[in-house]
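All residue numbers for the sequence shown refer to full-length UniProt numbering, where the first residue is 1 and numbers rise by one. Where is the CB? At the ideal position from N, CA and C, for every residue including glycine. Just below is one structure, and these are the notes that go with it.
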Amino acid sequence: MKNTAFVVLLGALAVTGCASITAGTTQSVAVNTPSKDGAECKLSNEKGSWTIPKTPGATTVTKAYGDLTVACEHVDGSKGSTSVTSSTAGAAFGNIIAGGIIGAAVDMGSGAAYVYPSNVSVVLAPPAGNIPTGGASQGGPLVMSPAVAPRLSKEDAEAKLKDLASLKKQKLITEAEYRDRSREIIGQM
1 MKNTAFVVLL GALAVTGCAS ITAGTTQSVA VNTPSKDGAE CKLSNEKGSW
51 TIPKTPGATT VTKAYGDLTV ACEHVDGSKG STSVTSSTAG AAFGNIIAGG
101 IIGAAVDMGS GAAYVYPSNV SVVLAPPAGN IPTGGASQGG PLVMSPAVAP
151 RLSKEDAEAK LKDLASLKKQ KLITEAEYRD RSREIIGQM
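Structure (structure tokens):
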């Protein structure tokens, strides 16, 4: 009986972290600035920060549950930023079946359970002193609207809230972190 229990435990430990193995904890993210190439972009999340010296370009980031913030600035002073949300990687769901709670906890903690969009576009706005005011010579008034962060669909928000509840249930995050992150997710809908 002891040998059977040992073999079962060894097998469970062998398959934990499956998404960590199959999907990894890092991914490539490409950034472009459609209105103007050549901007420097800084990407950051709770796992670290990375720089793309010139757009269009790409870098490898460490995956995490939290949003990936991308802030870009061109040498002429144009700036723009956006945040992209992570979504749960498909391998994470298979890991819950194969590796159980231990494998899921490993993948959620390491970031392997999540993935960011592979391409991000950042709209650059001209510096405050260089914003055109419009007028007859330019064909009428110029209307500018601020860049809007992408919104979460109901399904994506539900998936993120479910993942968050799982982290809380496993005591991987505090009640306060759970409330704060829940509000962030709901605010992105």
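Cβ pair residue i, residue j closer than 8 Å
i: V115; j: G80; result: no
i: M189; j: K162; result: no
i: S118; j: V29; result: yes
i: P127; j: S78; result: yes
i: K42; j: T51; result: yes
i: I185; j: K168; result: no
Boundaries of the beta strand (DSSP E) in which residue i is found, first to last residue
i: I52; result: 48-52
i: G24; result: G24 -> no beta strand (DSSP E), and no H or E assigned at all.
i: G57; result: 57-62
i: T69; result: 68-73
i: G80; result: 79-84
i: L43; result: 40-45
i: S118; result: Element bounds for S118: n/a, residue is neither H nor E.
Candidates the options: closest to residue i by CA position
i: G57; options: A64, A39, S87; result: A39
i: T25; options: A71, S86, R181, V120; result: S86
i: V120; options: K54, V70, Y65, G66; result: V70
i: A125; options: C72, K54, K168; result: C72
i: K36; options: T62, H74, E158, D67; result: H74
i: E46; options: Y65, S83, A176; result: Y65
i: D156; options: Q170, D180, G187; result: G187
i: Q27; options: S44, D180, V61; result: V61
i: V158; options: S182, S44, E177, S49; result: This sequence places Glu at residue 158; Val is not what is there. Here the closest residue by C-alpha is S182.
Alpha helix (DSSP H) segments (min. 4 residues) lying fully within the region 146-185: Listed in chain order, the complete alpha helix (DSSP H) runs (minimum 4 residues) inside the region 146-185 are 154-169.
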